Every structure is written in structure tokens, then in C-alpha cells.
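Colleague: Can you read through this structure? Questions will come right after.
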Amino acid sequence: MAPAGYRRGVETAITTRVDGTTRTTRVDTRTTLLDLLRERLGNTSPKKGCDHGQCGACTVLLDGRRVLACLTLAVTTHDHDVTTADGLAPDGDLHPVQQAFLDNDAFQCGYCTPGQVCSAVGALAELAQGHPSHAGDITADPEPTRAEIAERMSGNLCRCGAYTNIITAVEQAARG
Amino acid sequence: MNTIGQDIPRRDGHAKVTGTATYAYETPADNAAYCALLQATIAKGQVTEIDITDALALPGVLTILTPGDVQKLTPVENTELHVLQDNEIAYRGQIIGAVIADTSDIARHAVELVHFTYHVDEHDSAYSPDRDDLYTPDKLVTGAPADTSTGDVDAAMRTATHTVDHVYSTATNHNNPMEPHATTALWQDDTLILWDSTQGVHAVRTTLAEVLDLRPDQVRVICPYVGGGFGAKGEPHAPVVIAALAARALPGRPIRLALTRAQMFVLVGYRTPTTQHTRVAADDTGRLTAIAIAATGQTARIREYVEHAGAATRMMYAAPNRATSHRVAALDVAVPTWMRAPGECPGMFGPEVAIDELADALGIDPIDLRVANEPDVDPESGNPFSSRNLVACLRQGADRFGWADRAPRRDGDWLVGTGVAAAVFPAFTMRATAAIRYDQGRYTVEIGAADLGTGAWTVLPQIAADALEVPLDQVDVGIGDTSYPYASTAGGSTGTATWGSAVLAAVETFRDKFGTDPNDGDEAEGTHDQGPFNEQYATYAFGAQFAEVRVHADTAEIRVPRLLGVFAAGRIINPRTARSQFIGGMTMGLSMALHENSELDPRFGHVMNHDFAGYHIASCADATDVRAFWIDEEDPHVNPLGAKGIGEIGIVGTAAAIVNAAHHATGVRVRDLPLTLDKLLPGLP
Numbered sequence: 001m002a003p004a005g006y007r008r009g010v011e012t013a014i015t016t017r018v019d020g021t022t023r024t025t026r027v028d029t030r031t032t033l034l035d036l037l038r039e040r041l042g043n044t045s046p047k048k049g050c051d052h053g054q055c056g057a058c059t060v061l062l063d064g065r066r067v068l069a070c071l072t073l074a075v076t077t078h079d080h081d082v083t084t085a086d087g088l089a090p091d092g093d094l095h096p097v098q099q100a101f102l103d104n105d106a107f108q109c110g111y112c113t114p115g116q117v118c119s120a121v122g123a124l125a126e127l128a129q130g131h132p133s134h135a136g137d138i139t140a141d142p143e144p145t146r147a148e149i150a151e152r153m154s155g156n157l158c159r160c161g162a163y164t165n166i167i168t169a170v171e172q173a174a175r176g
Numbered sequence: 001m002n003t004i005g006q007d008i009p010r011r012d013g014h015a016k017v018t019g020t021a022t023y024a025y026e027t028p029a030d031n032a033a034y035c036a037l038l039q040a041t042i043a044k045g046q047v048t049e050i051d052i053t054d055a056l057a058l059p060g061v062l063t064i065l066t067p068g069d070v071q072k073l074t075p076v077e078n079t080e081l082h083v084l085q086d087n088e089i090a091y092r093g094q095i096i097g098a099v100i101a102d103t104s105d106i107a108r109h110a111v112e113l114v115h116f117t118y119h120v121d122e123h124d125s126a127y128s129p130d131r132d133d134l135y136t137p138d139k140l141v142t143g144a145p146a147d148t149s150t151g152d153v154d155a156a157m158r159t160a161t162h163t164v165d166h167v168y169s170t171a172t173n174h175n176n177p178m179e180p181h182a183t184t185a186l187w188q189d190d191t192l193i194l195w196d197s198t199q200g201v202h203a204v205r206t207t208l209a210e211v212l213d214l215r216p217d218q219v220r221v222i223c224p225y226v227g228g229g230f231g232a233k234g235e236p237h238a239p240v241v242i243a244a245l246a247a248r249a250l251p252g253r254p255i256r257l258a259l260t261r262a263q264m265f266v267l268v269g270y271r272t273p274t275t276q277h278t279r280v281a282a283d284d285t286g287r288l289t290a291i292a293i294a295a296t297g298q299t300a301r302i303r304e305y306v307e308h309a310g311a312a313t314r315m316m317y318a319a320p321n322r323a324t325s326h327r328v329a330a331l332d333v334a335v336p337t338w339m340r341a342p343g344e345c346p347g348m349f350g351p352e353v354a355i356d357e358l359a360d361a362l363g364i365d366p367i368d369l370r371v372a373n374e375p376d377v378d379p380e381s382g383n384p385f386s387s388r389n390l391v392a393c394l395r396q397g398a399d400r401f402g403w404a405d406r407a408p409r410r411d412g413d414w415l416v417g418t419g420v421a422a423a424v425f426p427a428f429t430m431r432a433t434a435a436i437r438y439d440q441g442r443y444t445v446e447i448g449a450a451d452l453g454t455g456a457w458t459v460l461p462q463i464a465a466d467a468l469e470v471p472l473d474q475v476d477v478g479i480g481d482t483s484y485p486y487a488s489t490a491g492g493s494t495g496t497a498t499w500g501s502a503v504l505a506a507v508e509t510f511r512d513k514f515g516t517d518p519n520d521g522d523e524a525e526g527t528h529d530q531g532p533f534n535e536q537y538a539t540y541a542f543g544a545q546f547a548e549v550r551v552h553a554d555t556a557e558i559r560v561p562r563l564l565g566v567f568a569a570g571r572i573i574n575p576r577t578a579r580s581q582f583i584g585g586m587t588m589g590l591s592m593a594l595h596e597n598s599e600l601d602p603r604f605g606h607v608m609n610h611d612f613a614g615y616h617i618a619s620c621a622d623a624t625d626v627r628a629f630w631i632d633e634e635d636p637h638v639n640p641l642g643a644k645g646i647g648e649i650g651i652v653g654t655a656a657a658i659v660n661a662a663h664h665a666t667g668v669r670v671r672d673l674p675l676t677l678d679k680l681l682p683g684l685p
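Respectively, the protein sequence lines represent chains H and D. By UniProt numbering, the letter at position 115 of the first sequence is numbered 115, and the numbering carries on one by one without gaps. By UniProt numbering, the letter at position 437 of the second sequence is numbered 437, and the numbering carries on one by one without gaps.
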């Protein structure tokens with residue numbers, strides 16, 4: 001018999017493309033995309049740093065747009081593309097942003113890094129699409145200046161304090 | 001060939017930028033079960049009743065650990081590890097049980113269904129330097145005495161022409177590595193395997209074996225990657241014991257336990273608040289006649305940890321009259337621990353601001369004032385310094401930063417100023433053993449070391465390759481596993497110096513035994529013990545921190561557009577990873593200066609702002625230009641490698657430099673951290 005306070009979870013089948021591979025799972029509708037990836041699909045590239053959308057370590061790309069996997073319910077990704085930092089390097093070939101992080105030592109412990117990388121990829125796409133930010137003239141096409149990059153990367157915390165190098169890495173990636 | 005001193009990319013870099021490096025919780029394991037913690041919602045008292053009926057009835061719940069219902073643990077010095085031994089509650093948030101379930105969702109849900117009844121005792125969690133129950137600790141965590149005194153500070157203060165006498169304070173800070181503490185635990189065939197996020201696998205094994213009454217060879221601890229630690233993972237804490245007990249309760253089933261961010265504010269330590277009554281006296285030329293600090297802080301009633309904030313004052317500047325003291329209040333609070341540069345980091349705040357205040361009063365440049373008070377020998381011990389290049393750091397930093405012509409200026413709506421502070425951190429080593437083996441043209445170094453992002457995966461092969469005189473790509477390394485020889489914990493900035501010296505010893509033994517043309521399978525070990533010269537020399541790394549601060553003239557918004565540090569830290573093994581450690585420390589120092597403040601509610605005994613929404617740390621836009629440089633320094637006295645350690649000195653002095661720069665910009669002197677705009681606003685011109 002179900003105990004007091006217990007409400008049975010609702011499960012549903014979803015199909016999500018994760019790093020290019022179609023994955024069909026039955027998930028509790030309360031399960032986050034982050035827990036689906038890490039605990040059900042064995043993809044631990046996105047990290048859990050706070051589970052509250054405050055640190056950015058779980059950042060992934062949803063149809064190319066950066067989202068926080070801990071604030072995204074898994075069921076909402078049905079029929080969508082999820083790309084993690086691992087998926088940005090198919091067959092081990094690093095994405096230019098990943099190579100720039102390596103070149104500039106833009107990390108230390110590495111725990112926030114996959115989220116930083118996905119966030120940088122998303123931020124550069126937003127810049128290319130002309131999305132304005134607080135750091136620049138919102139009437140002009142934004143440029144990937146250090147101030148713009150710092151502003152747009154401030155949702156991803158790094159306790160090792162690699163920010164200066166992260167900005168330089170994203171600048172390098174922006175130059176192509 | 002020489003790889004030491006060369007800019008070698010990280011060996012674990014590819015795995016980290018793709019996210020394929022496996023941290024403790026992520027260890028591949030079939031059929032894992034998930035553990036969630038039950039925590040006390042009172043600050044002091046006893047659990048009188050526990051009702052687990054509802055939780056156990058939840059489908060997927062496997063078992064629930066409750067007080068008194070687990071194995072009897074062996075008492076150890078670290079009393080926070082005595083989990084679930086009785087019904088006593090010593091601080092709010094203490095672990096009083098754990099749920100193990102088939103999924104993490106179910107485990108978390110079941111936590112809500114366990115009902116505790118308490119007998120509530122009156123608690124006392126409010127720190128104040130004015131409490132009447134402050135006591136003097138027997139000794140500091142370094143082994144040094146709590147109090148020291150030479151000459152007569154009071155008399156010197158009375159007769160000096162210039163004095164500074166103020167109370168400075170630092171806030172409670174939580175280490176908050178990005179990877180919350182986590183363990184995957186497996187009990188199988190009378191053996192416990194812990195994939196644990198730790199700064200020291202051997203320390204975890206030794207302590208867990210003792211507390212669980214197992215032989216050390218029954219416990220294996222594995223940790224290839226650590227998502228930051230900053231001291232919080234320096235000692236095992238209560239959760240890893242829970243993970244072990246859970247694994248023992250479900251033999252053969254891997255148990256995963258990761259702390260939530262909120263739990264990081266109660267279960268794994270923190271830097272205590274400090275109050276620093278600092279006094280300096282000087283003659284007209286700026287020569288100090290007295291320097292003194294009376295440091296006050298807090299500890300937990302169930303375990304003593306005293307922040308040694310007075311230690312740096314003992315050796316930093318020359319003065320004939322000197323005094324330091326430590327007093328502490330034992331409270332019903334969570335247990336404090338090491339946090340990056342314990343002692344020196346908070347302890348170089350008050351004195352380095354006081355020196356700036358003295359320079360101001362004297363009309364002397366703060367760099368010149370520091371140079372004028374350089375001691376010839378360690379004022380405390382009378383021993384010579386093995387090397388002391390503070391002056392070189394200050395001078396080079398001044399040149400690089402553009403210290404000359406530093407008059408405060410106004411740039412539009414912004415008030416702009418600059419500040420400087422000195423940094424220091426002890427250089428010492430611990431004990432470690434390395435093994436080196438030859439097989440098919442390759443050498444493999446094995447040592448139970450840890451890489452917290454510090455670069456051990458990369459620098460230990462450099463040290464080995466140079467000593468072996470072989471190309472770097474012929475050397476493999478294995479770290480983070482108790483199946484490798486014993487290594488000290490990564491702490492006290494001792495890692496590279498200690499483990500590197502052990503590698504040198506292993507190479508020497510190997511070459512002595514097998515020469516330069518070894519056979520497959522040849523293997524040797526070497527051990528490094530504490531540096532032989534430590535007793536004869538005072539061994540410290542030094543640094544100079546420079547900050548530019550901009551304060552908005554109307555809102556007092558504070559920005560730090562530039563930080564620059566120059567350090568003298570012995571031999572630098574890898575400039576790339578070293579620079580990252582320095583700027584990382586400085587960035588954390590900026591974070592401490594401007595943001596970090598764990599606010600404890602004395603009514604309930606808990607930290608209220610226990611997440612990143614409430615406990616702010618520096619973000620990318622806060623730290624856009626942080627630069628680190630170093631002096632080439634040869635110091636044969638610290639250890640065979642000549643490295644002093646660089647993980648902590650970067651955070652020392654940063655907050656003082658920023659506060660001094662803010663004063664330079666605005667004329668407002670803030671003496672308590674963090675430096676927030678409300679403290680500047682009332683005094684703005």
C-alpha cells in the first residue's frame with residue numbers, strides 16, 4: 001500500500017537524440033534531463049554542481065541552444081537533439097572551442113569544463129545571430145570582445161578561477 | 001632534454017574538455033543503488049523517535065540507516081566521523097540517517113517520508129569576539145603555540161610616534177569545489193572499494209579502515225580526478241563513512257552518494273570567521289617598533305579546528321616588540337576545516353591593511369614601508385630564510401603593474417585606485433613513496449597522489465622524464481589509487497614538492513639498481529621524507545599582490561578590472577599549470593574580497609545562504625584580467641626538487657590589496673570582509 005505523502009510518479013516513453021544517437025527510454029516525468037543523461041544513459045559529460053540552475057556545470061546544447069540540463073525536464077526533450085561536450089568531439093576530434101580551452105589552459109579541475117565548453121559554443125552562436133547583451137551597444141551587431149565574452153560566460157561558475165583563460169580561449173575560438 | 005620549466009599541456013586535458021574524465025560519482029557500475037542523507041533539523045538535542053514506515057513502503061527503497069542501527073565504529077580523533085552511533089545532535093544538518101534506493105529520485109523522495117521526533121536542547125551558535133567563554137587552544141593546527149610574545153608591545157604602542165590599532169574581520173567562507181563531495185562504494189568479498197572525491201586516497205584508506213575496524217588492505221580508495229577540493233576534501237568527512245556503511249548493508253551493490261550543494265555548507269567544513277585586533281607601531285622613518293595580532297574565531301563543540309590567523313604576523317616583518325594570540329569559541333555549529341591557505345589567507349588580511357594604513361599615516365609608499373621592515377632572519381625562530389624574495393616580488397610587480405604615478409583618479413562616474421599587499425605561505429613537504437617500473441621501452445611512475453586540477457598528471461611525468469633523462473612521451477604515470485605506493489594528501493601546497501621529491505628518489509634507486517639499460521619488469525621505489533633542512537631554515541614562499549579597483553561614485557558598485565601578482569615560490573615545474581594555480585588563487589581571493597559570506601542564523605544554527613544564489617562566488621565578469629608572474633628562484637634547502645608549492649599563496653593578500661585599492665580610490669577604509677558597496681557608500685566623496 002502506498003504510504004501517506006506518496007504520489008506515484010508518471011512514466012512516459014521518450015525518444016531523444018543524444019550526441020547523435022537516438023535513445024528511447026521510459027522516464028518518470030519528474031526526472032531532469034541531467035539525471036536522465038547521467039544516471040540512466042551513462043553520459044556523465046554534463047556535471048551536477050548545484051542541481052538548481054545556479055552554477056552552469058550541466059550546460060548542454062538543446063537543438064544547438066545552450067540550456068541547463070538540471071532545469072530541463074527530460075520529457076520536454078522528446079524528439080529533440082541534445083549535444084553534450086562529449087558529443088562536440090565525435091571520434092575524439094576536438095571542437096575548436098575545446099581545442100582553445102586546451103591551448104589556453106582554461107580549466108584546472110575540469111568539473112565545470114564540459115558546461116563551460118557547451119556554454120561557449122552556445123554563446124558564440126548567439127553572438128553570430130546578433131543577440132545583444134548588457135556588455136555592449138544593444139543597437140549594434142555584437143562583437144566577441146573580452147567584455148562581451150565575460151558577460152555571456154558568467155552563468156558558468158569556475159571555482160578554480162580559470163575565468164581569465166576562459167575568456168582568452170573563447171576569443172580564440174571566435175576568431176575561428 | 002629538460003621538460004621542467006617547459007609549458008607542457010595537461011595530460012588529462014582531452015578527457016576534461018570532453019567531459020569523459022570520470023569523477024567519483026560517475027564511476028561505471030552496474031546495478032548501482034543511490035544514497036540520500038537524512039539531516040537533523042535542530043541544532044542541539046536528541047532524536048527521540050524515528051518513523052521509517054512510510055519511507056520503507058515506497059517502492060524502490062532498499063534500506064534505511066538510522067542512529068544506533070549501524071555497526072559500532074571505532075572512536076578516532078576526527079569525531080565528525082562517528083556517524084549514527086547515538087541519538088545526540090551537535091549541530092543543525094548533522095547526518096541522522098540515510099536512505100538507499102534503486103534510483104536517486106526514489107531516495108530523495110523517501111527522505112521526505114522519514115519522520116523524526118526530537119528532544120530539543122537550547123543551542124548556542126552565535127560567534128562574537130566579545131563572548132566571555134573564549135578559550136586558548138592548547139596549540140595551533142601547525143603544532144605551533146597559540147600565543148607568542150617578545151618585548152613589550154603595549155609600551156611600544158604608548159611611546160611610538162605612529163600607530164595603527166584596529167579590529168579587522170574576515171567572514172565565514174565555504175570551500176565549495178564545483179564537484180560536490182561524492183563517493184561510489186562497493187563492499188565485496190570482505191573488501192571495501194571507495195571511488196571517493198578526495199585530496200588523499202591513502203588518508204581516506206587509513207582513516208576509514210580504522211573507523212570501520214577493517215585492515216587497511218581491506219580498503220581500496222580510487223580517485224583519478226577531483227573536481228576541486230581547496231581543503232574541503234583534505235580529510236574524509238562523515239558522508240564517506242555513510243557510503244561505506246551503506247555498501248556494507250548491501251554487499252555486492254555499488255552505492256552512489258553525492259552531496260547536494262546545500263549539504264556542502266554543513267557536512268564538509270568551512271573557513272571560520274576571524275576577528276583580528278591588529279596593532280603596529282613605527283618611528284618617523286617607518287621602521288616598525290611593534291607588531292601584534294590578537295586573533296579570535298570559532299570552532300565546533302564536537303571537534304576543535306582553530307584558524308591560525310596570527311601565524312603570518314610571527315614571521316612577516318621585523319619589529320623588536322611582537323605579540324600574537326589565538327582565542328576561540330566552541331559553538332553548536334558544523335565542524336570547520338582547512339580552506340585554501342588556512343591561517344595565512346585570513347591572517348594576511350588585517351596586518352596587510354594595517355600596514356597600508358600606517359603607510360598612509362606616515363606618507364610613505366606602502367611598498368617602501370614593507371621593504372624597510374624586511375627582517376634579516378625569521379623574527380620568531382631566529383633562523384635564516386632559505387630564500388626570501390618578497391622585495392623582488394614587490395619591485396617587479398610595481399614595474400609590471402604600473403605602480404608609479406598612482407594618484408587616485410576619476411574616470412567619468414568611476415573612482416579609480418590601486419593597492420598592494422604582500423603574500424606568504426610556508427614551504428614544507430610530507431612523506432611519500434613512488435614506484436618506477438620499466439617495460440618495453442616505457443617507464444611507469446606510480447604514486448597515490450591526487451590531481452585537483454593542480455597538474456599532478458602532467459608535472460610528475462616531467463619530473464620523472466628529466467631525472468631518467470628520457471623523452472617525456474616515454475613516461476606514463478598512475479595516481480589516485482591506494483594500490484600505488486603511499487602518498488601524502490594534496491594539502492598545504494606540499495603536493496608537487498613532496499611527490500616530485502619521491503619520484504626523484506625512486507629514479508635514483510632505479511638507476512642505482514638497474515642502470516640506464518634496464519630489463520622489462522625492473523622496478524624500484526623511493527621515499528621522500530620531510531626536507532632535511534627544515535629545522536635550520538625558515539622556508540616560505542612569498543608574493544606581492546596588486547589590484548586596481550573602480551568604485552562607482554553614485555552607487556559604490558565595485559569592480560576589479562586588474563589583478564597582478566608576482567610570486568617567489570622556488571622552482572616552477574610547468575609554467576602553464578603553475579600560472580593557472582596562481583591566477584586561480586588570486587581569483588578566489590577576489591571572490592573572498594567582494595562576495596563570500598556565509599550568513600549563519602543563530603536562531604537555528606545554520607547557514608542561510610546555502611547555495612550559489614545566496615552564497616556568491618566570483619563569476620567570469622568579475623575577473624577578466626588576472627595576471628601572474630614569478631621570480632626565478634633557486635632554493636636547495638626546501639626539498640630535493642627545489643619547489644615551494646604554489647596552490648595556496650595566490651589567495652594570500654589578494655583581499656587586502658583590493659581593500660587597500662578601494663581605500664585609495666575612495667578614501668573609505670573598510671576593515672571587515674567582504675567589501676560590499678553598503679560599506680563604501682556612506683563615505684563616498
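Just so it is clear, CB atoms sit at the ideal spot from N, CA and C, and this is done for glycine as well. The structure displayed is predicted, hence computed values, not measured ones.
Enumerate in chain order the residues of its own chain whose CB-to-CB distance from Glu-210(D) is below 7 Å, with the five nearest sequence positions on each side excluded.
Modeller: For Glu-210(D), where only same-chain residues beyond five positions count, the Cβ hits under 7 Å are Thr-74, Val-76.
Colleague: Please look up how many angstroms separate the CB atoms of Ala-568(D) and Ala-524(D), rounded, as I've assumed it's under 8 Å.
Modeller: Not really, about 34 Å apart at Cβ, beyond 8 Å.
Colleague: Let me confirm a value: Thr-164(H) is counted as buried when at least 16 other C-beta atoms fall within 10 Å, else exposed. Which label applies?
Modeller: Per the 10 Å Cβ criterion, buried.
Colleague: Are the region 301-317 of chain D and the region 132-148 of chain D touching, with three or more C-beta to C-beta distances below 8 Å?
Modeller: Contact between the region 301-317 of chain D and the region 132-148 of chain D is present, because at least three Cβ pairs lie under 8 Å.
Colleague: Please compile the residues from chain H whose C-beta is within a distance smaller than 7 Å of the C-beta of Thr-20(D).
Modeller: Here the neighbours are Ser-45, Asp-86.
Colleague: Chain H beta carbons: is any one of them nearer than 9 Å to that of His-14(D)?
Modeller: It does; some Cβ of chain H falls within 9 Å.
Colleague: Among the residues of its own chain, which have a CB less than 6 Å from the CB of Gly-229(D), if the five just before and after it don't count?
Modeller: Closer than 6 Å at the Cβ level, and outside the excluded window around Gly-229(D), lie Pro-177, Gln-199, Leu-452.
Colleague: Going along chain H in order, which residues have a C-beta closer than 8 Å to the C-beta of Leu-452(D)?
Modeller: By Cβ distance, chain H contributes Gln-108, Cys-109.
Colleague: Would you tell me roughly how many angstroms separate the C-alpha atoms of Arg-627(D) and Met-339(D), rounded to the nearest one?
Modeller: Roughly 23 Å between the two C-alpha positions.
Colleague: For His-131(H), which residues in chain D fall below 9 Å Cβ to Cβ?
Modeller: In chain order: nothing, as chain D lies at least about 17 Å away.
Colleague: Closest to Gln-116(H) by C-alpha separation, out of Gly-49(H), Asp-93(H), Glu-39(H), would be which residue?
Modeller: Nearest C-alpha to Gln-116(H): Gly-49(H).
Colleague: Contact criterion: CB-CB distance below 9 Å. Does Glu-143(H) meet it with respect to chain D?
Modeller: Closer than 9 Å: no.
Colleague: Using only the alpha-carbon positions, how far apart do His-277(D) and Thr-31(H) sit?
Modeller: Straight-line Cα distance between these residues: approximately 52 Å.
Colleague: How many Å lie between Ile-64(D) and Ala-29(D) at the Cα?
Modeller: Each residue's Cα considered, the two are about 21 Å apart.
Colleague: Cutting at 8 Å between CB atoms, please list the residues of its own chain near Gln-188(D), excluding the five before and the five after it.
Modeller: Excluding sequence neighbours, Gln-188(D) sits near Pro-251, Gly-252.
Colleague: Terminal residues of the continuous beta strand (DSSP E) containing Leu-257(D)?
Modeller: Here the beta strand (DSSP E) through Leu-257(D) covers 255-258.
Colleague: Do Gly-500(D) and Glu-648(D) count as a contact pair if the criterion is CB distance below 9 Å?
Modeller: Not closer than 9 Å, so no.
Colleague: Applying a beta-carbon distance threshold of less than 8 Å, which residues of chain D neighbour Leu-94(H)?
Modeller: In chain order: His-14, Val-17, Thr-18.
Colleague: Beta-carbon within less than 6 Å of Glu-49(D)'s beta-carbon, same chain only, minus the 5 sequence neighbours each way: which residues are those?
Modeller: Only Thr-117 meet the Cβ criterion.
Colleague: Would Val-226(D) pass as an interface residue toward chain H - the criterion being a Cβ-Cβ separation below 9 Å?
Modeller: Answer yes: the Cβ-Cβ gap between Val-226(D) and chain H drops below 9 Å somewhere.
Colleague: Checking the sheet assignment: what are the DSSP bridge partners for Phe-425(D)?
Modeller: Per DSSP, Ala-541(D).
Colleague: Report back the beta-carbon spacing between Val-120(D) and Leu-38(D) to the nearest angstrom; my notes put them in contact at under 8 Å.
Modeller: About 17 Å separates the two Cβ atoms, so there is no contact after all.
Colleague: Who are Val-226(D)'s beta bridge partners in DSSP?
Modeller: None, per the DSSP bridge assignment.
Colleague: Residues of the region 596-616 of chain D with a CB closer than 8 Å to any CB of chain H: list them in chain order, please.
Modeller: Against chain H - using a Cβ distance shorter than 8 Å - the residues of the region 596-616 of chain D are Asp-611, Phe-612, Ala-613.
Colleague: Tell me, please, whether the CB atom of Asp-152(D) is closer than 9 Å to any CB atom in chain B?
Modeller: Annotation note: the requested chain B is absent from the structure, which comprises protein chains H and D.
Colleague: Along the chain, where does the alpha helix (DSSP H) containing Ala-361(D) start, and where does it finish?
Modeller: Per DSSP, Ala-361(D) belongs to the alpha helix (DSSP H) from 350-362.
Colleague: As an exercise, report each continuous beta strand (DSSP E) stretch of at least 3 residues that is fully enclosed by the region 309-345 of chain D, in chain order.
Modeller: Segments of the beta strand (DSSP E) lying fully in the region 309-345 of chain D: 321-331.
Colleague: On the premise that Val-507(D) lies in contact with Leu-460(D), defined as a C-beta separation below 8 Å, what is that separation, rounded to the nearest angstrom?
Modeller: In fact, because the Cβ distance is near 11 Å, the residues do not count as touching under 8 Å.
Colleague: Is Val-503(D) helix, strand or coil by DSSP?
Modeller: In this structure, Val-503(D) counts as helix in the three-state DSSP scheme.
Colleague: Looking at Ile-106(D): is its Cβ nearer than 9 Å to the Cβ of Ala-40(D)?
Modeller: The answer is no: Cβ separation not under 9 Å.
Colleague: So with Cβ pairs under 9 Å, would you call Cys-160(H) a contact of chain D?
Modeller: Yes - at least one Cβ of chain D is within 9 Å of the one on Cys-160(H).
Colleague: Excluding the five sequence neighbours on either side, which residues of its own chain have a C-beta within less than 7 Å of the C-beta of Gly-227(D), listed in chain order?
Modeller: Excluding residues within five positions, the ones whose Cβ falls inside 7 Å are Tyr-23, Pro-177, Met-178, Glu-179, Ser-197.
Colleague: What first and last residue would you give for the beta strand (DSSP E) that runs through Val-18(H)?
Modeller: Segment 11-18, the beta strand (DSSP E) holding Val-18(H).
Colleague: With a CB to CB cut of under 7 Å and the five nearest residues on each side skipped, what residues in its chain are close to Asp-152(D)?
Modeller: The residues are Asn-321.
Colleague: Quick check on the DSSP output: the alpha helix (DSSP H) that includes His-663(D) runs from which residue to which?
Modeller: Taken as a continuous stretch (DSSP letters only), the alpha helix (DSSP H) holding His-663(D) covers 654-666.
Colleague: Confirm, please, whether the CB-CB distance from Asn-660(D) to Gly-419(D) is below 9 Å.
Modeller: Yes, they are a contact pair.
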